[in-house]
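Peer 1:
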Amino acid sequence: MKHLILKLVLPLTLFSFIFVTKWSYVQVEDGPDEMLHGFPLPYRCPGWHTSLSTQYFLTEMAFDLLVYFLFWLILIYLVNRFVLVLKPHKFTVIVLWFVTALTLCLPVLLATMPDNMFITKRDFNYEEIDTGVQFMWESESKPDYYKYFPEKQPGK
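When we follow the UniProt record's numbering, the leftmost residue of the sequence shown carries the number 1, and every step to the right adds one.
Right, dumping it as structure tokens:
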């Protein structure tokens, strides 16, 4: 099982962590409405100190990575134990790591921008308004505020 962690579990964890995530449209307490990203806990949101920056919450990110890792570990363990013995070919492992590395390139590049903030733990409360699933290739778009709060629309 130890060899399967390095060959399958770790690349699948990183790939799925980047490839698909949950977005949450939230009303931040004493702040603007924002889009938070991450599953099961939001670990990323736009920065408030300057435009085009991002805030990363490291505790939440580590917890999310642990959840993804445990999911893939349990799934591969159960398949290996009860369905069929997994013996991944060297070519398959290389392709999987290559695709994972390519998938990680853009998020790592974006995370290394100097205006980004890395915070140990999220320090604000929020009320979740709407949620959805977002794949890596989908562009981020903020929902219409007045759809959720029509009474606050000017002129009405």
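We put the CB at the ideal spot given by N, CA and C, even for glycine.
Apply the 10 Å Cβ neighbour rule to THR100 and answer buried if 16 or more other Cβ atoms are within range, or exposed otherwise.
Peer 2: buried
Peer 1: State the DSSP-derived secondary structure class of TRP97, mapped to helix, strand or coil.
Peer 2: helix
Peer 1: Helix or strand or just coil, what does DSSP make of TYR148?
Peer 2: helix
Peer 1: Go to SER24, then tell me how far its beta strand (DSSP E) extends in each direction, as first and last residue.
Peer 2: SER24 -> beta strand (DSSP E) spans 20 to 28.
Peer 1: If contacts are defined as beta-carbon pairs under 8 Å, then PHE57 and ILE119 qualify, I think. What distance do you get, rounded to the angstrom?
Peer 2: 5 Å
Peer 1: Quick one, which of LEU86, PHE17, LEU65, LEU41 has its alpha-carbon nearest LEU104's?
Peer 2: PHE17
Peer 1: Which first and last residues belong to the beta strand (DSSP E) in which ILE57 is found?
Peer 2: First, the residue type needs correcting, since residue 57 is Phe and not Ile in the sequence shown. Going by DSSP, PHE57 is part of the beta strand (DSSP E) stretching over 54 to 57.
Peer 1: Within 10 Å of its beta-carbon, does TYR43 have 16 or more other beta-carbons around it, so buried, or fewer, so exposed?
Peer 2: buried
Peer 1: Using the beta-carbon count (16 or more within 10 Å), is VAL95 buried or exposed?
Peer 2: exposed
Peer 1: I'd like to confirm the pairing. Which residues does DSSP put opposite GLU140 in its beta bridges?
Peer 2: Listed as beta-bridge partners of GLU140 by DSSP are no residues whatsoever.
Peer 1: With distances taken from CA atoms, which of ILE76, THR21, VAL20, CYS45 is nearest PRO32?
Peer 2: CYS45
Peer 1: Below 8 Å on the Cβ atoms is my guess for VAL26 versus LEU36; work out the distance and round it to an integer in Å.
Peer 2: 6 Å
Peer 1: Buried or exposed: which applies to ASP64, given that a residue is buried once 16 or more other Cβ atoms fall within 10 Å of its Cβ?
Peer 2: buried
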